[in-house]
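S.K.: Numbers 6 to 319, taken from our numbering, label the letters of the sequence shown in order. Ideal Cβ placement from N, Cα and C applies to all residues, glycine included. Just so it is clear, the structure is predicted and the values come from calculations on it, not from any experiment.
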Amino acid sequence: MKLAIVTAYPPSKVTLTEYGYYLVKHFRLQKEVTELILITDRTNEPKDLNFEGDGCKITVKECWSFNNYSNIFSISKTISQTKPDAVLFNLQFLKFGDKKIPAALGLMLPFICKSKGIPTISLLHNILEQVDLENAGFTKNKLLQSIYNFIGTTLTKFVLASDILAVTISKYVTTLEQKYKVKNVALIPHGAFETPPEPDFKLPEGPKQVMAFGKFGTYKKVEILIEAVEEIRARSNADIEIVIAGTDSPNTPGYLDEMKQKYSHVPQIRFTGYVAEEDVPKIFGESAVTVFPYTSTTGSSGVLHQAGSYGNAV
């Protein structure tokens with residue numbers, strides 16, 4: 006089988022890039038798959054394809070960019086040219102852009118593929134029915150929220166045109182089946198990407214690192230974490246380092262730079278910036294606790310699963 010996977014992929018910093026990496030890493034080992042067509046976003050650096058062991062052939066097609074209005078055409082053209090036996094879309098609602106039009110156009114691709122007669126699977130990591138639009142940073146305006154919900158319902162129908170729509174939370178299955186009267190929704194729990202060696206649970210020497218990991222600025226806010234640690238320091242002798250690992254959310258560019266300035270007076274605080282996949286075990290291994298300073302959530306938390314797999318307290 007020649008399988009095409011439409012996803013962001015390292016070193017891209019677009020959402021779900023890490024998940025895309027692990028999809029490729031494990032699909033390449035399946036004996037039914039003879040070739041993977043990686044239909045991914047453009048990056049300046051080469052794609053990370055340094056896997057251990059033998060696997061199937063991987064062909065990289067860089068043909069789309071975040072917030073590009075022509076993604077729907079370039080991806081559709083690439084799929085037609087490469088002639089895969091099936092297509093897997095690794096999706097969430099802001100996969101192809103944080104601007105409304107390119108984001109919406111990208112979500113029409115499963116419908117287009119199905120219309121061409123290509124077997125289509127979509128892995129959807131969030132559904133609008135379970136997103137608090139205000140806390141997630143979309144809009145506080147009630148009228149706009151109603152419009153967003155209408156558009157979200159319409160786009161969900163395009164994604165549901167897939168032969169199979171996979172989601173990571175059981176509640177999503179129930180919501181989609183009841184609202185849209187469909188039977189093609191499957192549950193694929195998020196899980197951990199790997200099975201790492203059993204951790205020894207010993208705290209590293211030196212300051213206890215309190216770490217938050219992700220894309221920040223919308224529903225993930227670092228202020229409450231920093232100020233909570235400051236309160237702990239004020240009433241104890243605990244030697245604590247604050248580690249903010251990750252980047253801005255696409256919806257809030259400049260947020261972390263603003264936080265650096267706002268809390269420049271706070272000692273022992275470190276902003277790592279983007280964390281490459283090979284550095285993830287080190288980030289978790291050096292941390293005493295992983296903190297989730299969220300006001301809301303838009304889906305299953307990959308960071309929570311990773312924290313558990315590395316033996317971190319949460």
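Classify N95 as helix, strand or coil using the three-state DSSP reduction.
M.R.: Strand, per DSSP.
S.K.: Let me confirm a value: E228 is counted as buried when at least 16 other C-beta atoms fall within 10 Å, else exposed. Which label applies?
M.R.: So E228 counts as exposed.
S.K.: Which residues does DSSP pair with D46 in a beta bridge?
M.R.: Per DSSP, W69.
S.K.: Going by the DSSP bridge assignment, what does T295 pair with across the sheet?
M.R.: Paired residue(s): M216.
S.K.: Nearest CA to the CA of C118: which residue from S151, T179, K62, A9?
M.R.: Considering only alpha carbons, the answer is A9.
S.K.: Would you kindly work out how many angstroms separate the C-alpha atoms of T78 and C68, rounded to a whole number?
M.R.: Here residue 78 is Phe; the residue named in the question, Thr, does not match the sequence. Distance between the alpha carbons of F78 and C68 is about 10 angstroms.
S.K.: Could you name the residues that DSSP lists as bridge partners for P41?
M.R.: A quick correction: the sequence has Leu, not Pro, at residue 41. The partner list for L41 (beta bridge, DSSP) reads L8, I63.
S.K.: Beta-carbon within less than 7 angstroms of C61's beta-carbon, same chain only, minus the 5 sequence neighbours each way: which residues are those?
M.R.: Cβ neighbours of C61 beyond the five flanking positions: R33, V38, T39, E40, L41.
S.K.: Kindly indicate which three-state DSSP category G102 falls into: helix, strand or coil?
M.R.: Coil at G102, not helix or strand.
S.K.: Between E23, L133, I245, S151, which has its C-alpha nearest Y177's C-alpha?
M.R.: Y177 has its Cα closest to that of L133, out of E23, L133, I245, S151.
S.K.: Who does R275 pair with in a DSSP beta bridge?
M.R.: DSSP output for R275 lists V248 as bridge partner(s).
S.K.: Using only the alpha-carbon positions, how far apart do I274 and V164 sit?
M.R.: Answer to the nearest angstrom: the Cα atoms are 42 angstroms apart.
S.K.: Could you check what DSSP says for V319 in three-state terms: helix, strand or coil?
M.R.: V319 falls in the coil class under three-state DSSP.
S.K.: Which residue or residues does DSSP assign as beta-bridge partners of S127?
M.R.: Paired residues: F94, L170.
S.K.: Decide yes or no for the touch test of the region 256-271 against the region 181-190: beta carbon pairs closer than 8 angstroms, at least 3 of them.
M.R.: Segments in contact, no.
S.K.: Tell me the rounded alpha-carbon separation between L192 and Q86.
M.R.: Cα to Cα, the separation comes out at about 31 angstroms.
S.K.: Is Y268 closer than 8 angstroms to G290 when the C-beta atoms are compared?
M.R.: Cβ distance not < 8 angstroms, so G290 and Y268 don't count as in contact.
S.K.: Nearest to S254 by CA position, among K100, N95, G25, is which residue?
M.R.: The residue with the shortest Cα to Cα distance from S254 is K100.
S.K.: Are there 16 or more other CB atoms within 10 angstroms of the CB of Q35, so buried, or fewer, so exposed?
M.R.: Per the 10 Å Cβ criterion, exposed.
S.K.: Could you tell me the alpha carbon to alpha carbon distance between G219 and A250, rounded to whole angstroms?
M.R.: The straight-line gap from Cα to Cα measures roughly 7 angstroms.
S.K.: Using 10 angstroms around the beta-carbon of H270, count the other beta-carbons present and answer buried if the total reaches 16, otherwise exposed.
M.R.: Burial call: exposed.
S.K.: Buried or exposed for G222, please, with buried defined as at least 16 other CB atoms from any protein chain shown within 10 angstroms of its CB.
M.R.: Under this definition G222 is a buried residue.
S.K.: Does DSSP put A239 in a helix, in a strand, or in coil?
M.R.: Helix.
S.K.: With a 10 Å radius around its C-beta and 16 neighbouring C-beta atoms as the bar for buried, classify L45 as buried or exposed.
M.R.: Going by the sequence as given, residue 45 is Thr instead of Leu. Label assigned to T45: buried.
S.K.: When you compare the CB positions of K52 and P15, do they come within less than 8 angstroms of one another, or not?
M.R.: Yes. Within cutoff.
S.K.: Give a yes or no on whether the C-beta atoms belonging to F94 and P115 are separated by under 8 angstroms.
M.R.: Yes, Cβ-Cβ distance for F94 and P115 is below 8 angstroms.
S.K.: Of all the options K226, K225, V215, which has the alpha carbon lying nearest to the alpha carbon of V234?
M.R.: Comparing Cα-Cα distances from V234 to each of K226, K225, V215, the minimum goes to V215.
S.K.: Can you give me the C-alpha to C-alpha distance between S75 and S17, rounded to a whole angstrom?
M.R.: Going from the Cα of S75 to the Cα of S17 covers about 19 angstroms.
S.K.: Mark P89 as exposed unless 16 or more other C-beta atoms lie within 10 angstroms of its C-beta, in which case mark it buried.
M.R.: Answer is buried; the Cβ neighbour count reaches 16.
S.K.: If you follow the beta strand (DSSP E) that F190 is in, where does it begin and where does it stop?
M.R.: Just to set this straight, residue 190 is Val in the shown sequence, not Phe. Where V190 is concerned, the enclosing beta strand (DSSP E) stretches over 190-192.
S.K.: Within 10 angstroms of its Cβ, does N73 collect 16 or more other Cβ (buried), or is it exposed?
M.R.: Buried.
S.K.: With a threshold of 8 angstroms on Cβ separation, who are the neighbours of T20 within its own chain once the five nearest residues in sequence on each side are excluded?
M.R.: The residues are A13, Q97, L99, K100, K220, P255.
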